[in-house]
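Structure record follows, encoded as structure tokens.
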Amino acid sequence: MFLSKLILRRGPTFPRPATFAHLHRIQRTSPYSHQKILYSFYSTKTAPAEVEPERADYQVPYTSDSFPHIKRNPAFKKVTSQDIQYFKSILAPEGVLVNDGVRADEYDLLSYNQDWFRSFRGKSQVVLKPRTTEQVSKLVSYCNAERLAIVPQGGNTGAVVINSPGNIGGGVAIFDEIVVSTSNLNQIREFDSVTGVVTCDAGCILENVDNYVAERGYIVPLDLGSKGSCQIGGNVSTNAGGIRLLKYGSLHGSVLGLEVVLPDGRIVDGLSKLRKDNTGYDLKQLFIGSEGTLGIVTGVSLQTPKRPKAMNVAMVGVESYEKVQNAFHRAKEDLSEILSAFEFWDSGSMHYGKALGSKNFKAPFEKDYPFYVLVETSGSNEEHDTEKLGCYLEGLFENGHIEDGVIAQDHTQYTNLWSIRESLGEACGAPVPIYKYDISLPVPVLYDLVEELRARLVEHGMMGPQGPVSDVVGFGHIGDGNLHLTVFAKELDSKVKSLIEPFIYEWTSKYHGSIAAEHGIGLKNSKFIKYSKSPTQVNLMEQIKKTMDPNGIMNPYKVFATHDY
Ligand SMILES: Cc1cc2nc3c(=O)[nH]c(=O)nc-3n(C[C@H](O)[C@H](O)[C@H](O)COP(=O)(O)OP(=O)(O)OC[C@H]3O[C@@H](n4cnc5c(N)ncnc54)[C@H](O)[C@@H]3O)c2cc1C
């Protein structure tokens, strides 16, 4: 009777000896106030491993009620007792969860029917938990023949909330689709200590894979706030971005091979470990980011780079977005190969992070600043990297690009600075009325969108003490041109929504941005896809879907606006 595990924490980083020399050196040369030592910060590692669902969970509205225009496809069969018998002939008894009111009830299925943000709630009556690729193949083949719709589900952390487009709930049913959970496909299959290629089951939790390769001196080139719960298969299927993308690039580059069960049950055995393979189309790319609509990923081979021996993190206060850009420009120049993350957020995000994020959130500065930047370096030489970061920060300070800053002096401080950044994401998942967007834009105009939307809401009397909107805030992975824009409201209001959408999409389209930078399309973005993709592109995607899944059983109602492909 437990909800699936969710541990919001960063994995172990790379403890390095606390050295105060660098800090002292900077203090000697400037009145820079980063002498604060952050010993008392909360470590997110204390997050509970398992969370009991509360009866209040049932108050999450059914997705089918929230989206009444989406109708159940009548071509799909309803699950019968014969179907259950077949599933039980393939899987061990504990691998078939059925809401029959006897062995399991709605409460037992809740964690599979509801997303992490408690925004979506499906009506699935059956959850299947295969342990092998062959079992997945048999189940999917049967479902295809019987026209039973399927939702592949990993860690169920897919992001964005009900008033927001994105993949949240992408792994949750809408009607009575069967949930195929990959959580029992959780074995590391192989690791090559020379090349760093790890091959694992799709249901391996990201953090577990990272810990496994860490013991062998490597690092998974992907890191998310949800790493304690999300699974490699889910990461691949959402093409998750996260905070290491700046250094290691996207999964389109790191994934070397995939094993996938197609919607008709055939197994694509593509677990290549090759970096170079130009024999025809690179089919694995189709599955990366396809959000479970083209098949179930069962195995992944991933290129993992050597784990950096030294990691540093600094947080600075900045006066304007222009100065944030200057700091980024200088980071690329001064830190170059050791720059591994460059994150920014505004004062509004800091406010909500403090109010709604981790309970022990503690800002390192006495003063508030309009913007904050977190810079991380990772390299192979502690002394060299520390020196480089110090010179970079000194340069920024002397040129007036930053106002204040702190540098983590040990592992705890390192984790604590990152937990401030991660609190921002947690705040946007808090149970308060919000509209949330995940946009890619050219860096020079990225923050203009926040300011223009704010001005627009003020102009229409929607924002301020009397209006329904409290604030419009922005944070994100500036190194990747990725803005997470959130509108915090006192209540949800159709007038507010009509001022935000399609304005935000039109604005993004004008600057050739993407309306779904890293969270995907899911249920809600489908009708807005046209702002980032041409009709020819959308048509081609629909043709691919139709070819690979002619019966449309694989994660129906997601990604495409029409379900008649
Ligand atoms: C606190 C927090 C922070 C986050 N930070 C980030 C971030 O920085 N960057 C980012 O990109 N995302 C972020 N996310 C979103 C989310 O964690 C990622 O999208 C993650 O990759 C989803 O993985 P999952 O295993 O939870 O997938 P699920 O949520 O279970 O599924 C997501 C989608 O993938 C499909 N799917 C899952 N597994 C498979 C499979 N094996 N085969 C085929 N399809 C499958 C599902 O059908 C669904 O459409 C964050 C989420 C949280 C809660």
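Using my numbering, you'd call the opening residue of the sequence shown number 14 and step up by one each time. Heads up, the beta-carbon is just placed ideally off N, CA and C, and yes, glycines get one too.
Item, Value
"For residue 490, three-class secondary structure by DSSP", "strand"
"The segment 430-447 / the segment 490-501 touching (three or more Cβ pairs under 8 angstroms)", "yes"
"Beta bridge counterpart(s) of residue 390 as assigned by DSSP", "325, 352"
"Cβ separation of residue 6 and residue 306, assumed to be a contact under 8 angstroms, to the nearest whole Å", "With the chain represented from 14 up to 578, any question about residue 6 goes unanswered, as that position is not in the structure."
"Any non-hydrogen atom of ligand 1 closer than 6 angstroms to residue 441 Cβ", "no"
"Supposed close pair residue 4, residue 244 - CB separation, criterion 8 angstroms", "With the chain covering 14 to 578 only, the question about residue 4 has no answer from this structure."
"Start-to-end residues for the beta strand (DSSP E) that takes in residue 337", "From DSSP, residue 337 is part of no beta strand (DSSP E) but of the alpha helix (DSSP H) over 334-347."
"Residue 432 versus 387, 446, 461, 454, residue with shortest Cα-Cα distance", "387"
"Candidates 445, 205, 95: closest to residue 369 by CA position", "445"
"Near ligand 1: residue 327 beta-carbon under 6 angstroms from a heavy atom", "no"
"Pairwise C-alpha distance: residue 109 and residue 570", "24 angstroms"
"Backbone secondary structure at residue 500 - three-state DSSP", "strand"
"Minimum length 4: unbroken alpha helix (DSSP H) runs contained in the segment 181-250", "219-227"
"Unbroken stretches of the beta strand (DSSP E), 3 residues or longer, contained in the segment 251-331", "268-274, 280-283, 309-316, 323-331"
"C-alpha gap between residue 532 and residue 298, whole angstroms", "17 angstroms"
"Nearest-angstrom Cβ-Cβ length linking residue 223 and residue 233, presumed shorter than 8 angstroms", "4 angstroms"
"Same chain, Cβ closer than 6 angstroms to residue 392, neighbours up to 5 away in sequence not counted", "321, 323, 351, 398"
"Alpha-carbon spacing of residue 168 relative to residue 247, whole angstroms", "7 angstroms"
"Spatial neighbours of residue 83 in its chain, beta-carbon cut-off 6 angstroms, leaving aside the 5 residues before and after", "570"
"Test item: CB-CB of residue 127 and residue 134 under 7 angstroms", "yes"
"Those residues which DSSP pairs with residue 358 across a bridge", "385, 488"
"Touch test, the segment 328-347 against the segment 408-426, Cβ-Cβ under 8 angstroms, three pairs minimum", "yes"
"Sufficient close CB pairs (3 or more, under 8 angstroms) joining the segment 553-565 to the segment 515-526", "no"
"Residue 151 classed as buried or exposed, judged by whether at least 16 other C-beta atoms fall within 10 angstroms", "buried"
"Spatially closest choice to residue 198 from 530, 451, 149, by CA coordinates", "149"
"Cβ-heavy atom distance, residue 250 to ligand 1, below 6 angstroms", "yes"
"Rounded distance between the beta-carbons of residue 315 and residue 258, thought under 8 angstroms", "Contact doesn't hold; Cβ gap of about 14 angstroms is too wide."
"Residue 129 beta carbon near ligand 1 (any heavy atom closer than 6 angstroms)", "yes"
"Inter-residue CB distance, residue 274 and residue 317 (contact presumed, cutoff 8 angstroms)", "At roughly 25 angstroms, the Cβ-Cβ gap does not stay under 8 angstroms, so residue 274 and residue 317 are not in contact."
"Boundaries of the alpha helix (DSSP H) in which residue 408 is found, first to last residue", "395-411"
"Coarse secondary structure for residue 438, derived from DSSP in three states", "helix"
"7 angstroms Cβ cutoff met for residue 374 and residue 380", "no"
"Distance cut-off 6 angstroms: residue 237 Cβ against heavy atoms of ligand 1", "yes"
"Segment limits, alpha helix (DSSP H) that includes residue 462", "461-472"
"Three-state secondary structure (DSSP) of residue 143", "coil"
"Buried versus exposed call for residue 137 [16 or more other C-beta atoms within 10 Å across all chains shown]", "buried"
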